[in-house]
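In the working numbering, the protein residues as written are 2 to 150.
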């Protein structure tokens, strides 16, 4: 089953956690020093926030998360004519995923992915440093900005 995904960059993680926990009526399912995520079932939503926006606050990208390789293949077959940027298996945020990116006519990045498993560090890199570069900043298929998230 598909789950809608939204990732937004925030200035103050704790203030944003408090706001969204009140809005959704539940605490995040994962919290790190620079990241929080809610896996909601009603509505079926993967909502993530992070402070790694490089100064650009607000919605970074949208996406569809799937539960199986078959679902990801189905989405991919529909996306083939839209020039997807295929990343295959990659580490991003705090997960290892199979994914690809699309960019809509307005320039909005869309991630379509299947989470394989959680990982202990952001993007599979070294432990968190506040000055670490932004992640989850996809580019266009011709000019990707990151292979993460």
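For every residue, glycine included, the Cβ atom is placed at its ideal position computed from N, Cα and C.
(request) Specify whether the stretch 9-26 and the stretch 76-94 touch according to this definition: at least 3 beta carbon pairs, one from each stretch, less than 8 Å apart. (result) Counting Cβ pairs under 8 Å, fewer than three are found: no touch.
(request) Identify the continuous beta strand (DSSP E) that holds residue 104 and give its terminal residues. (result) 96-104
(request) Determine the contact status of residue 110 and residue 62, defining contact as a CB-CB distance below 7 Å. (result) yes
(request) Output the distance between the C-alpha atoms of residue 29 and residue 55, rounded to the nearest integer angstrom. (result) Spanning the two alpha carbons is a distance of roughly 23 Å.
(request) Spatial neighbours of residue 69 within its chain, please: CB distance less than 8 Å, with the 5 preceding and 5 following residues excluded, ordered by chain position. (result) 115
(request) Count the other CB atoms, across all protein chains shown, that sit within 10 Å of the CB of residue 73; report buried if there are 16 or more and exposed otherwise. (result) buried
(message) How far does the beta strand (DSSP E) with residue 115 in it extend, from its first residue to its last?
(response) 110-119
(message) Once the 5 residues before and after residue 58 are set aside, which same chain residues still bring their CB inside 7 Å of it?
(response) 10, 11 and 12
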